[in-house]
Amino acid sequence: MEHKTEKRGRKSLPLDKKKPPQATVKINDFILPFVQELKGYLKNNLVTEKTLVQLFDVLKEKGDQQSSAFNDPDSVSIVTELQEKIHTLDAEKRLIERALAKRQEISLKLTQERDKAHLNAVHTESRLESLKSSYRLLKYDYDVLMHREHDCMAIKCDGERCTRPATLEKIEQSIVLRVCHQHAKIVEKYS
Numbered sequence: 592m593e594h595k596t597e598k599r600g601r602k603s604l605p606l607d608k609k610k611p612p613q614a615t616v617k618i619n620d621f622i623l624p625f626v627q628e629l630k631g632y633l634k635n636n637l638v639t640e641k642t643l644v645q646l647f648d649v650l651k652e653k654g655d656q657q658s659s660a661f662n663d664p665d666s667v668s669i670v671t672e673l674q675e676k677i678h679t680l681d682a683e684k685r686l687i688e689r690a691l692a693k694r695q696e697i698s699l700k701l702t703q704e705r706d707k708a709h710l711n712a713v714h715t716e717s718r719l720e721s722l723k724s725s726y727r728l729l730k731y732d733y734d735v736l737m738h739r740e741h742d743c744m745a746i747k748c749d750g751e752r753c754t755r756p757a758t759l760e761k762i763e764q765s766i767v768l769r770v771c772h773q774h775a776k777i778v779e780k781y782s
């Protein structure tokens, strides 16, 4: 029994249906507008075979044919149109680059201002939290002191201070003692 391996991906075309390989050419940005314009003329059948041959001869620097190529009105009009388009494209490119540089500068300034405001907000927020924490500690200390001021001053048998609210004031040996009802009886007893 034969075992066929499973193939993945696109199935290959039969030999008679395969397309011939196409050449890929990288074009310099400087001549790209010329190539695009020439391609447009070729698609619209505005360039004759004779004009193309003359243009190639000009590129190959054949002296006699150069003058004849520039004498041909079709090739001269194509060259002048292409030169005008190149100049306008260069001018537009410079304008766009200037506008882009201005926008990047404005964007940088805005980003710096935003970062500065953000840092200021973070600093203010941390300062606010610090003040809130200080307020809570002071409030707690205040409550403890007020509670201590108004609590009974008597010390219980276990050695701790009584936590009941003081209702009476007794003066013992020129010292004011604040005591609750239960401890008032004890203070009177020893006075």
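The number in the numbering used here is simply the position in the sequence shown, starting from 1, with 591 added.
From the three backbone atoms N, C-alpha and C, an ideal C-beta is built for every residue, glycine too.
Taking only the alpha-carbon atoms, compute the straight-line gap between residue 622 and residue 673 and give it to the nearest angstrom. Distance from the CA atom of residue 622 to the CA atom of residue 673, rounded to whole angstroms, is 10 Å.
CB-CB under 8 Å to residue 638, same chain, minus the five flanking residues each way: which ones, in chain order? Within the same chain, residue 638 has close Cβ partners 629, 632, 665, 669.
Within 10 Å of its beta-carbon, does residue 690 have 16 or more other beta-carbons around it, so buried, or fewer, so exposed? The residue in question, residue 690, is exposed, as its Cβ has fewer than 16 Cβ neighbours within 10 Å.
If you check the beta carbons only, do residue 768 and residue 760 fall under 9 Å apart? One thing to note: residue 768 has its Cβ within 9 Å of the Cβ of residue 760.
Element boundaries [alpha helix (DSSP H), containing residue 760]: From DSSP, residue 760 is part of no alpha helix (DSSP H) but of the beta strand (DSSP E) over 759 to 763.
Exposed or buried, what is residue 757 when buried is set at 16 or more other beta-carbons lying within 10 Å of its beta-carbon? Here residue 757 is buried: its Cβ has 16 or more other Cβ atoms, across all protein chains shown, within 10 Å.
Where the alpha helix (DSSP H) containing residue 606 begins and where it ends: From DSSP, residue 606 is part of no alpha helix (DSSP H); its letter is neither H nor E.
Where does residue 694 fall in DSSP's three states? In the structure shown, residue 694 adopts helical secondary structure according to DSSP, grouped into three states.
From the DSSP output, in three-state form, read off residue 616 for me. When DSSP states are grouped into helix, strand and coil, residue 616 belongs to the coil group.
Residue 768 - containing beta strand (DSSP E), residue span: Unbroken beta strand (DSSP E) run through residue 768: 766 to 770.
Could you tell me whether the Cβ atoms of residue 746 and residue 752 are closer together than 9 Å? Between residue 746 and residue 752, the gap from beta carbon to beta carbon is short of 9 Å.
Would the beta-carbon of residue 624 fall within 9 Å of that of residue 680? Against a cut-off of 9 Å, the Cβ pair of residue 680 and residue 624 comes out as a contact.
Residue 748 and residue 774: beta carbons closer than 9 Å? Their beta carbons are not under 9 Å apart, which means residue 748 does not touch residue 774 by this criterion.
What span of residues does the alpha helix (DSSP H) with residue 628 cover, start to end? Per DSSP, residue 628 belongs to the alpha helix (DSSP H) from 623 to 634.
Give me the Cα-Cα distance between residue 647 and residue 626, rounded to the nearest whole angstrom. Approximately 13 Å, taken between the alpha carbons.
Can you name the residues that DSSP bridges to residue 756? In the DSSP output, where bridge partners are listed per residue, residue 756 has 742.
With DSSP collapsed to three states, give me the class of residue 654. With a pLDDT of only 47 at residue 654, under 50, the local geometry of the prediction cannot be trusted, and the value read off the model is given with reservation. Three-state DSSP puts residue 654 in a helix.
Just the C-alpha distance for residue 771 and residue 712, rounded to the nearest angstrom, thanks. For residue 771 and residue 712, the distance between alpha carbons rounds to 52 Å.
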